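S.K.:
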Amino acid sequence: AIPLVVAISTAVSAQNGLLIRNRTAFEESRKITAILFDKTGTLTKGEFGVTRIVSVNNQFNEDELLRLSSALEQSSEHPIAIGIVRKAKEKKIEIPKPVNFNAITGKGVEAEVDSRKVKVVSPGYLKEKNIPLPDDQNNNEAETVVFIIVNEQLAGYIALADEIRPESAEAITVFRKNNIKVLMATGDNEKVAKAVSDQLGLDGYFAEVLPHQKVEIVKKLQSKGAFVAMTGDGVNDAPALAQSDVGIAVGSGTDVAAETADIILVNSNPQDIANLILFGKATYNKMI
Ligand code: ADP
Ligand code: MG
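Below, the structure is given as structure tokens:
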């Protein structure tokens, strides 16, 4: 016979955008006391639009910066990459083929274009290399910014904007009612992380997080007694998903994340997690 929880969870998941891979995950979901969300594509839509392209030394103009960066980004699946390539196509820029493409985990991408060494990287990468931020970048604008480095020289930057999903606020209301702490870990910069956290009223956030640091965050929450659910989308998130008590891979994510997760969130919608928890609690209360 099929155990009752399994039968119920299958029915629930089918209707609610969830694929339950680990049969105990449904049962475990009612014990969750903290959820660590990734930002891009889960709490936000994950659709970055380019808002500004800025040359810092006038060696390359905006279109040239877009041409170089899109050459690299066409080989990346990151939402930032998709936004940059879309912009280049809109502007009918002919995107060159890069050589020796390499993804710098959690920091950006690099390759050679027109025999130049080009990198498109995070603010954290600049700090690491002791490259000062351009003056106009020390503002309080909550925008995602990636920097373009050509032959080890900072050439410019691209600012991008994403939007919060309307469903996120509703899901957070449910978590709050159930005494579940809502936290966010993102590779994006401090200002963007704070803006999203403030707008959604999160209990806390971690910005400029490198993939391996997510495991430590989950462990720390667990050591304080939390029963932790975590959402993640990348190959890099797999270890943290495995460490969490309920690992949730988002639908648009990679196969590796999905293989490590207990649950797959098909539509990347946080509300589906809220429904899972509510349904898990209601079912359990009926069974005892
Ligand atoms: P998140 O999933 O929270 O966005 P990631 O680890 O994927 O975090 O990325 C962290 C940061 O690294 C991004 O905010 C960006 O600054 C930089 N980055 C990652 N991938 C790319 C890429 N393809 N192009 C440019 N920047 C990137
Ligand atoms: Mg990611």
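Note that the sequence shown covers residues 354 to 641 in full-length UniProt numbering.
Backbone N, C-alpha and C fix where the C-beta goes; we use that ideal spot for every residue, glycine too.
Remember, predicted model here, so these are calculated numbers, not experimental data.
Taking just the CA atoms, how far does residue 471 sit from residue 500?
M.R.: Translated into positions along the sequence shown, residue 500 becomes position 147. Translated into positions along the sequence shown, residue 471 becomes position 118. Going by the C-alpha atoms only, they are around 10 angstroms apart.
S.K.: Is residue 429 near the ligand ADP - that is, is its Cβ less than 8 angstroms away from at least one heavy atom of it?
M.R.: Along the sequence shown, one-based indexing puts residue 429 at 76. Result yes, Cβ under 8 angstroms from the ligand ADP.
S.K.: Do residue 549 and residue 517 have their C-beta atoms within less than 9 angstroms of each other?
M.R.: Within the sequence shown, the letter at position 196 stands for residue 549. Within the sequence shown, the letter at position 164 stands for residue 517. Contact: yes.
S.K.: Between the segment 550-564 and the segment 435-448, are three or more C-beta pairs nearer than 8 angstroms?
M.R.: no
S.K.: Between the Cα of residue 481 and those of 459, 618, 538, 539, spot the shortest distance and give me the residue it belongs to.
M.R.: Here residue 481 is taken as the residue at index 128 of the sequence shown, counted from 1. Per the Cα distances, 459.
S.K.: Any idea if residue 468 is buried or exposed, counting beta-carbon neighbours within 10 angstroms, 16 or more meaning buried?
M.R.: The residue you call residue 468 lines up with position 115 of the sequence shown. Classification of residue 468: exposed, given that the 10 Å Cβ count is below 16.
S.K.: At a cut-off of 8 angstroms, would you count residue 507 as near the ligand ADP, judging by its Cβ distance to the nearest heavy atom?
M.R.: Reading the sequence shown from its first residue, position 154 is the one you call residue 507. False, no ligand heavy atom lies under 8 angstroms from that Cβ.
S.K.: Output the distance between the C-alpha atoms of residue 390 and residue 538, rounded to the nearest integer angstrom.
M.R.: Position 37 of the sequence shown holds residue 390. Position 185 of the sequence shown holds residue 538. If I take the Cα positions, the gap works out to 6 angstroms.
S.K.: Considering only residues of the same chain and omitting the five flanking positions on each side of residue 525, which have a CB-CB separation below 6 angstroms?
M.R.: Here residue 525 corresponds to residue number 172 of the sequence shown, with the count starting at 1. If we look at residue 525 and ignore the five residues flanking it on each side, its Cβ neighbours are 535, 553.
S.K.: For residue 554, name the three-state secondary structure that DSSP assigns.
M.R.: As a first step, residue 554 must be located in the sequence shown, where it is residue number 201. Looking at residue 554 - three-state DSSP - the assignment turns out to be coil, as it is neither helix nor strand.
S.K.: Going along the chain, which unbroken runs of the beta strand (DSSP E) with 3 or more residues stay wholly within the segment 394-427?
M.R.: 402-408
S.K.: Please state the DSSP three-state secondary structure of residue 455.
M.R.: Reading the sequence shown from its first residue, position 102 is the one you call residue 455. In this structure, DSSP gives residue 455 an extended state, which the three-state scheme calls strand.
S.K.: Determine the extent of the alpha helix (DSSP H) in which residue 439 is found, giving its start and end residues.
M.R.: Here residue 439 corresponds to residue number 86 of the sequence shown, with the count starting at 1. That run of the alpha helix (DSSP H) goes 432-443.
S.K.: Assign residue 579 to buried or exposed, taking buried as 16 or more other Cβ atoms, counted over all protein chains shown, within 10 Å of its Cβ.
M.R.: For this step, residue 579 is matched to residue 226 along the sequence shown. Buried is the call here.
S.K.: Taking residue 623 and residue 372 to be in contact with their CB atoms under 8 angstroms, please state how far apart those CB atoms are, rounded to whole angstroms.
M.R.: As a first step, residue 623 must be located in the sequence shown, where it is residue number 270. As a first step, residue 372 must be located in the sequence shown, where it is residue number 19. The pair is not a contact, with the Cβ atoms about 16 angstroms apart (cut-off 8 angstroms).
S.K.: Please classify residue 515: does DSSP put it in a helix, a strand, or coil?
M.R.: One-based indexing of the sequence shown puts residue 515 at position 162. In the structure shown, residue 515 falls within a coil segment according to DSSP collapsed to helix, strand and coil.
S.K.: What are the boundary residues of the beta strand (DSSP E) that includes residue 581?
M.R.: Locating residue 581 in the sequence shown gives position 228, where the first residue counts as 1. Per DSSP, residue 581 belongs to the beta strand (DSSP E) from 581-585.
S.K.: Tell me which residues share the same chain as residue 415 and place their Cβ nearer than 7 angstroms to its Cβ, disregarding the 5 neighbours each side in the sequence.
M.R.: Stepping through the sequence shown from its first residue, residue 415 is reached at position 62. Excluding positions up to five away in sequence, the list reads 406, 408.
S.K.: Between which two residues does the beta strand (DSSP E) containing residue 497 stretch?
M.R.: As a first step, residue 497 is located in the sequence shown; it is residue number 144 there, counting from the start. Secondary structure note for residue 497: its beta strand (DSSP E) is the uninterrupted segment 497-503.
S.K.: Please name the residue, chosen from 483, 587, 592, 457, that lies closest to residue 345 on a Cα-to-Cα basis.
M.R.: Because residue 345 is not part of the residues shown, which for the chain are 354 to 641, the question remains open.
S.K.: For residue 629, which of helix, strand or coil comes out of DSSP?
M.R.: The residue you call residue 629 lines up with position 276 of the sequence shown. Residue 629: helix per DSSP, three-state reduction.
S.K.: Give the DSSP bridge partners of residue 618, in chain order.
M.R.: As a position in the sequence shown, residue 618 is number 265, starting the count at 1. DSSP output for residue 618 lists 371, 603 as bridge partner(s).
S.K.: Taking 8 angstroms as the cut-off, does the CB of residue 392 come closer than this to any heavy atom belonging to the ligand ADP?
M.R.: Within the sequence shown, residue 392 is the residue found at index 39, counting from 1. The answer is yes for residue 392.
S.K.: Do you know whose CA, among 559, 564, 465, 597, lies nearest residue 572's CA?
M.R.: As a first step, residue 572 must be located in the sequence shown, where it is residue number 219. Residue 597 is the option with its Cα nearest to residue 572.
S.K.: Quick one: is residue 485 buried, meaning 16 or more other Cβ sit within 10 Å of its Cβ, or exposed?
M.R.: For the purposes of this step, residue 485 is taken as the residue at position 132 of the sequence shown. With fewer than 16 other Cβ atoms within 10 Å, it is exposed.
S.K.: Bridge partners of residue 536, per DSSP?
M.R.: To locate residue 536, count along the sequence shown from 1; it is residue 183. For residue 536, the pairing in a beta bridge is given by DSSP as 389, 557.
S.K.: Cα-Cα, which of 560, 618, 527 is closest to residue 585?
M.R.: For the purposes of this step, residue 585 is taken as residue 232 along the sequence shown, with counting starting at 1. Per the Cα distances, 618.
S.K.: In terms of DSSP beta bridges, what is residue 609 paired with?
M.R.: Taking the sequence shown and counting its residues from 1, the one referred to as residue 609 is at position 256. Answer is none; residue 609 lacks a bridge partner.
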